[in-house]
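Report on the structure given below.
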Amino acid sequence: MSGADEQDIIQWQDALRWLERAAEDIGVSRALIQKGFISHSAFHIQQAAEKILKALLVAARQDIRKTHDLATLAVLAREHWPTIVINPFKLDYASRWYIISRYPGIEEIMPGLADVKEALPEVEALFASAIAKAPPELAPEAQAVLRKSL
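By our numbering, the letter at position 62 of the sequence shown is numbered 66, and the numbering carries on one by one without gaps.
Dropping the structure here:
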């Protein structure tokens with residue numbers, strides 16, 4: 005996206021704010037895995053994926069749906085970013101982590117360590133792909149957000 009217009013820049017500035025929060029969720033998820041807090045790590049993976057998809061929608065000048073369903077958000081984002089949000093969306097299953105990771109009594113369907121370790125690189129790749137689409141005019145800001153995820 006070279007020579008972005010003024011509205012693109014504004015949209016991407018907002019999208020980068022969403023991506024900054026996603027970077028924080030990714031970092032928190034990594035730390036929680038190290039501590040053995042798997043269900044909480046899963047929650048932050050879901051939150052990171054949700055925020056990345058919403059950032060892509062913002063960048064595409066689309067309204068953000070008030071939903072935590074990754075499949076719904078992926079379908080909407082894919083219309084504008086088909087090379088980033090591929091079909092099938094690999095993190096669809098993480099939608100349920102929004103609820104089941106937060107409440108006791110449903111341990112039988114909780115994600116395990118292997119699930120979380122499989123999902124984390126997927127969300128990291130989605131994050132990196134989204135950041136890479138930021139216009140060159142915002143490269144310093146995008147790089148600062150990217151560094152937060154490392």
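Where is the CB? At the ideal position from N, CA and C, for every residue including glycine.
Candidates the options: which alpha carbon is nearest residue i's?
{"i": "residue 137", "options": "25, 116, 85", "result": "85"}
{"i": "residue 43", "options": "15, 129, 104, 146", "result": "104"}
{"i": "residue 129", "options": "18, 114, 154, 62", "result": "154"}
{"i": "residue 27", "options": "117, 116, 88, 59", "result": "59"}
{"i": "residue 56", "options": "115, 34, 144, 133", "result": "133"}
{"i": "residue 122", "options": "152, 98, 144", "result": "98"}
{"i": "residue 2", "options": "21, 117, 67, 147", "result": "This structure cannot speak to residue 2, because the chain is shown only from 5 to 154."}
{"i": "residue 115", "options": "39, 22, 45", "result": "45"}
{"i": "residue 74", "options": "83, 50, 87", "result": "50"}
{"i": "residue 79", "options": "35, 91, 21", "result": "91"}
In this structure, does DSSP put residue i in helix, strand or coil?
{"i": "residue 66", "result": "coil"}
{"i": "residue 105", "result": "coil"}
{"i": "residue 80", "result": "helix"}
{"i": "residue 18", "result": "helix"}
{"i": "residue 95", "result": "coil"}
{"i": "residue 5", "result": "The predicted position of residue 5 is uncertain, since its pLDDT is 43 and thus under 50; a value taken from the coordinates is nonetheless stated next. Residue 5 falls in the coil class under three-state DSSP."}
{"i": "residue 135", "result": "helix"}
{"i": "residue 41", "result": "coil"}
{"i": "residue 127", "result": "helix"}
{"i": "residue 31", "result": "helix"}
Can you round the beta-carbon distance between residue i and residue j to whole angstroms, since I take them to be within the 8 Å contact cut?
{"i": "residue 30", "j": "residue 131", "result": "6 Å"}
{"i": "residue 95", "j": "residue 127", "result": "6 Å"}
{"i": "residue 139", "j": "residue 16", "result": "6 Å"}
{"i": "residue 141", "j": "residue 13", "result": "6 Å"}
Are residue i and residue j close, meaning C-beta to C-beta below 8 Å?
{"i": "residue 150", "j": "residue 135", "result": "yes"}
{"i": "residue 19", "j": "residue 62", "result": "yes"}
{"i": "residue 52", "j": "residue 33", "result": "yes"}
{"i": "residue 69", "j": "residue 76", "result": "yes"}
{"i": "residue 101", "j": "residue 41", "result": "no"}
{"i": "residue 152", "j": "residue 10", "result": "no"}
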